[in-house]
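As given, the protein sequences belong to chains S and P, one line each in that order.
In terms of numbering that gives the first Met the number 0, the first sequence has 117 at position 118, counting the first letter as 1, and numbering is strictly consecutive.
In terms of numbering that gives the first Met the number 0, the second sequence has 436 at position 437, counting the first letter as 1, and numbering is strictly consecutive.
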Amino acid sequence: MADASENPFDAANAPEILVLGIGSLLFSDDGFGIHVVRRLEAEYTFPDRVHVVDGGVLGVNLLGVISKPRHLIVVDAVRNRGKPGDLHRIDHEEIPARIRAKNSLHQVDFLEALTLCQALDNVPRTVILGVEPLDVETLGLALSPPVAAQVEPVIRLVLAELERLGVRWSRKDSSADVSGDPFAHR
Amino acid sequence: MAERIIVDPITRIEGHLRIEVEVSGGKVVNAWSSGQMFRGIEVILQGRDPRDAHHFVQRSCGVCTYVHSIASVRAVDDAVKVKIPKNARLIRNLLLGAQYQHDHIVHFYHLHALDWVDVVSALKADPAKTAALSDNVSNAPWGGTNYFKNVQQRLKTFVESGQLGPFANAYWGHPAYKLPPEANLLAAAHYIEALRLQAKAARMHAIFGGKNPHPQSLVVGGVTCAADLTADRIAEFLYITKETHEFVKNVYIPDLLAVASFYKDWGGIGRTTNFLAWGDFPASEKEPESLFMPRGVIFKRNLEKPVMADPGKVTEHVARSWYEGAQARHPYQGETKPIQGDPKYDTDSKDGRYSWLKAPRYEGEPCEVGPLSHVLVGYAYGQKEWKQPVDHVLKTLNIPAEALFSTLGRTAARGIETLVIGEAMQGWVMELVENIKKGDTKTYEPYEMPDKAQGVGLNDVPRGALGHWIVIENKKIKNYQYVVPSTWNLAPRCAAGKMSPVEEALIGTPIADPKRPLEILRTVHSYDPCIACAVHVIDPDSNEVYKVRVA
């Protein structure tokens with residue numbers, strides 16, 4: 000059986016930095032992380048060592064994606080006893096404590112996946128950027144006003160994190176589709 | 000005196016399922032399965048462009064993104080009467096096959112194994128003896144005393160750090176665990192190896208799926224990944240397919256047989272009666288005739304007489320579910336009208352409602368769907384790809400075919416189909432290569448969206464029979480209903496009071512300790528329950544640990 004190191008394609012597929020949006024697009028503010036990464040993909044260009052991924056609510060199935068990079072920037076709705084729209088930045092060392100706090104719908108799954116990275120010998124250096132949601136229960140595609148207002152500021156936070164890691168990014172042509180409806184692609 | 004046990008929620012990672020059983024004389028005598036969350040995605044689809052439906056439905060579950068996507072695209076293919084090109088059919092089959100490889104490996108090792116394997120007992124194992132056991136039962140490429148010593152050390156670190164993660168919710172030390180410490184250590188080592196492998200297998204979807212992890216390459220009329228049909232991409236796909244298949248053949252199947260040999264009594268536990276498979280993996284335009292995984296129904300465990308399955312014979316009952324009325328309907332006429340006000344959970348009265356899941360029936364009968372149904376239908380038709388590995392498992396474990404209709408059979412069937420499909424996938428890749436070599440690079444067939452139409456997408460996905468039904472009017476979605484595998488398996492009773500498969504399967508299950516109902520988890524988990532799509536999330540705080548209540 001082939002050893003992992005023998006797959007000639009593995010190295011080519013592993014980014015150094017991963018920006019990962021997580022959440023469910025169908026439940027209002029729960030989709031915050033997805034809205035942010037879709038805007039990042041539509042409006043910005045990054046070097047090859049940076050991947051931007053829409054992780055949905057895949058939880059433990061994200062392990063393949065998150066066990067490869069050295070740095071992981073997660074964007075998510077985070078419940079942290081704040082006011083709707085409050086921004087949160089949770090840095091690497093603070094994350095284990097938050098597992099028990101269980102602040103979002105999908106975080107348990109996602110953080111479980113992060114824990115499982117230990118078994119794969121590569122826990123990426125992680126920072127979670129989040130916004131306090133107003134509504135994660137109503138079936139709907141739109142973000143609530145206080146949360147929608149934080150999409151742009153969180154994009155800037157992500158770019159700042161990338162700059163700290165020495166990444167140079169650029170804006171795409173301003174004619175790119177920046178529509179807020181994640182399904183308005185036709 | 001009977002006592003009641005409630006386990007809520009019961010899924011290890013996904014979903015929101017509540018199981019209530021009544022125990023008397025150390026055995027389950029009655030059972031109720033309840034989906035605790037409302038699903039409303041059908042409502043969001045009404046009035047939308049039918050071509051967009053698959054973008055929405057693939058978001059209804061964290062695990063089954065591709066399967067809902069393809070089911071939806073097939074329903075619209077059927078409605079607009081388009082015949083997809085050969086390359087598109089092969090790529091769709093390869094993506095579905097990849098889903099099987101990935102999901103079943105994850106289920107066996109990461110969602111189900113810990114019901115049979117005691118990780119804490121593995122800390123007591125002798126690494127040298129484990130190495131000898133490994134050489135004896137497994138063809139795994141890893142082994143040796145040092146390897147197992149190393150694994151044991153890592154497990155210890157995991158346990159001592161207090162971050163048990165998915166190891167947190169199990170009943171370590173329960174008397175129903177039967178493996179010796181060395182077998183537990185072997186399985187735990189492969190749990191970690193399988194994590195590594197599944198991470199790689201997930202890449203198969205990225206290759207032809209366009210976007211990882213939510214595949215974007217499906218469209219009504221075919222696929223859009225024409226640009227990915229290069230020698231490099233196909234070679235990468237084939238490489239991972241082979242590596243995954245080697246793992247299944249040399250590690251998964253031997254582990255399955257080794258663990259099963261300690262639990263043969265489970266061939267008599269978790270039994271059900273009727274089995275339905277829509278079948279999947281078409282080898283030509285002719286469906287169901289060309290399906291590699293055949294379509295059929297087995298009634299009353301009669302393997303002599305499988306019959307062809309007809310989607311016209313499906314109804315969904317709501318008499319015991321939290322929806323208005325009690326009329327059973329075919330999915331084309333289906334309604335999703337939740338009752339107003341707080342639903343009352345009522346398993347006490349004869350006609351009480353107790354679930355957000357509807358109850359699908361085939362000719363009025365509850366049917367199990369999933370790996371066991373796939374394998375039984377293929378076996379009953381006598382198709383050699385399916386019959387041979389089943390006979391091999393029966394012979395190795397020295398059990399009769401009658402033992403298949405059980406929790407043991409269900410878990411074995413999942414491994415068997417992973418092997419069978421993985422083998423076939425390599426042939427499909429070569430077919431794709433040959434076809435492209437011949438100069439056929441077509442991946443899409445144009446079509447006209449009719450003003451008015453209806454269509455069904457019948458699929459058989461890792462969890463079982465999945466149907467999407469769409470009704471189109473004025474080129475928009477008028478009605479959309481899906482009947483998902485977990486609804487077939489985990490539904491409540493129907494209007495006729497018949498139990499769903501999981502309710503039936505739980506009857507007779509021995510319970511050693513009502514406060515730690517490991518035996519219930521074994522059977523429920525053998526269905527790979529994931530009802531994120533069948534129902535929907537309300538309470539983020541209930542997803543942490545099993546709440547077991549002995550009433």
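Virtual Cβ for every residue (Gly too), placed ideally from N, Cα, C.
Worksheet item: Should the region 353–364 of chain P be called in touch with the region 390–402 of chain P, which here means at least 3 C-beta pairs below 8 Å?
Response: Using a C-beta cut-off of 8 Å, the region 353–364 of chain P makes no contact with the region 390–402 of chain P, since fewer than three inter-stretch Cβ pairs fall below that distance.
Item to complete: From the DSSP output, read off the bridge partner residues of P281 of chain P.
Response: P:L290, per the DSSP bridge assignment.
Worksheet item: With a cut-off of 8 Å, does the C-beta of D53 of chain S fall near any C-beta of chain P?
Response: Yes, its Cβ sits closer than 8 Å to a Cβ of chain P.
Item to complete: State buried or exposed for P253 of chain P, treating a residue as buried only when at least 16 other CB atoms are found within 10 Å of its CB.
Response: buried
Worksheet entry | Near-chain P residues of the region 116–132 of chain S - C-beta to any C-beta below 8 Å | Q117, A118 and L119
Discussion item. Which residues in chain S have a C-beta closer than 7 Å to the C-beta of A201 of chain P? List them in chain order.
Written reply: Neighbours of A201 of chain P on chain S, chain order: N60 and G63.
Worksheet item: Which ranges does the beta strand (DSSP E) cover as unbroken runs of at least 3 residues, wholly within the region 288–343 of chain P, from first to last along the chain?
Response: Assignment of beta strand (DSSP E) within the region 288–343 of chain P, counting only whole runs of 3 or more residues, yields 290–292, 295–297 and 313–316 in chain order.
Practice prompt. Please list the partners that H213 of chain P has in chain S, where partner means a Cβ-to-Cβ separation under 8 Å.
Written response: D53 and G55
Fill in: Between the CA atoms of P123 of chain S and E93 of chain S - distance to the nearest angstrom
About 14 Å.
Practice prompt. Please list, in chain order, all residues of the same chain as L375 of chain P whose beta carbon is under 6 Å from its beta carbon, the five residues on each side excluded.
Written response: The answer, listed in chain order, is F274 and I297.
Item to complete: Please confirm if the region 488–499 of chain P is in contact with the region 17–34 of chain P, defined as three or more CB-CB distances below 8 Å between the two stretches.
Response: yes
Worksheet item: How long is the line joining the alpha carbons of E543 of chain P and G221 of chain P, rounded to whole angstroms?
Response: With a pLDDT of only 33 at E543 of chain P, under the threshold of 50, the placement of this residue in the model should not be trusted, and no figure is reported.
Worksheet item: Can you tell which of P:V81, P:R73 and P:V28 has its C-alpha closest to the C-alpha of M448 of chain P?
Response: P:V81
Worksheet item: Just checking my contact of I40 of chain P with V56 of chain P at CB under 8 Å: how many whole Å lie between their CB atoms?
Response: Yes, they are in contact, since the Cβ atoms of I40 of chain P and V56 of chain P sit about 7 Å apart, within 8 Å.
Worksheet item: In three-state terms, what does DSSP make of E15 of chain S?
Response: coil
Worksheet item: What's the C-alpha gap between L71 of chain S and G20 of chain S?
Response: Using only the alpha carbons, I get a separation of about 11 Å.
Worksheet item: For a contact meaning CB atoms closer than 7 Å, what does S23 of chain S contact in chain P?
Response: R58
Fill in: Sheet register partners of K451 of chain P (DSSP bridge)
P:E472
Practice prompt. Just the C-alpha distance for V36 of chain S and V52 of chain S, rounded to the nearest angstrom, thanks.
Written response: 7 Å
Worksheet item: Hey, K155 of chain P and L418 of chain P: beta-carbon distance below 8 Å or not?
Response: With contacts defined by Cβ atoms closer than 8 Å, K155 of chain P and L418 of chain P do not form a contacting pair.
Worksheet entry | Contact list for V66 of chain S against chain P, beta-carbon separation under 9 Å | In the sequence as displayed, the identity of residue 66 of chain S is Ser instead of Val. Within chain P, the residues near S66 of chain S are L194, R195 and A198.
Worksheet item: Can you round the beta-carbon distance between A186 of chain P and V258 of chain P to whole angstroms, since I take them to be within the 8 Å contact cut?
Response: Right, their Cβ atoms sit about 7 Å apart.
Worksheet item: CB-CB under 7 Å to N102 of chain S, same chain, minus the five flanking residues each way: which ones, in chain order?
Response: Any reading at N102 of chain S must be qualified, since the residue scores a pLDDT of 35, below 50, and its modelled position is unreliable; the value itself is stated next. V77, R78 and N79.
Worksheet item: Tell me, which residues are paired with N29 of chain P by DSSP?
Response: P:E21
Discussion item. On the CB-based measure, 16 or more other CB atoms within 10 Å of its CB, does A121 of chain P come out buried or exposed?
Written reply: buried
Worksheet item: Apart from the five residues on each side of it in sequence, which residues of its chain come closer than 6 Å, Cβ to Cβ, to I98 of chain S?
Response: At I98 of chain S the pLDDT is 45, less than 50, meaning the model places this residue with poor confidence; the figure from the coordinates comes in the next sentence. Closer than 6 Å at Cβ, skipping near neighbours: L110.
Practice prompt. Starting from the Cα of K437 of chain P, find the closest Cα among P:M429, P:Y443 and P:P310 and give me that residue.
Written response: P:M429
Discussion item. Going by beta-carbon coordinates alone, are H87 of chain S and G129 of chain S separated by less than 8 Å?
Written reply: Yes, the Cβ-Cβ distance between H87 of chain S and G129 of chain S is below 8 Å.
Discussion item. I want to see whether chain B comes within less than 8 Å of R153 of chain P, judged by CB atoms only; does it?
Written reply: Here the protein chains are S and P, and chain B is not one of them.
Discussion item. Just to confirm the assignment, what range does the beta strand (DSSP E) spanning V49 of chain S have?
Written reply: V49 to D53
Worksheet item: Sorted by chain position, which residues of the same chain lie with C-beta nearer than 6 Å to V73 of chain S's C-beta, five sequence neighbours on each side aside?
Response: L19 and I127
Practice prompt. Can you check DSSP and say which residues form a bridge with H70 of chain S?
Written response: S:I16 and S:R124
Worksheet item: Unbroken beta strand (DSSP E) runs of length 3 or more, entirely within the region 342–424 of chain P: which are they?
Response: 358–361
Item to complete: May I ask you to report which of helix, strand or coil DSSP gives N478 of chain P?
Response: strand
Discussion item. For N60 of chain S and G340 of chain P, I'd like the C-alpha separation in whole angstroms.
Written reply: 36 Å
Worksheet entry | Buried versus exposed, by CB contacts within 10 Å (16 or more), R58 of chain P | Around the CB of R58 of chain P, 16 or more other CB atoms lie within 10 Å, so the residue is classed as buried.
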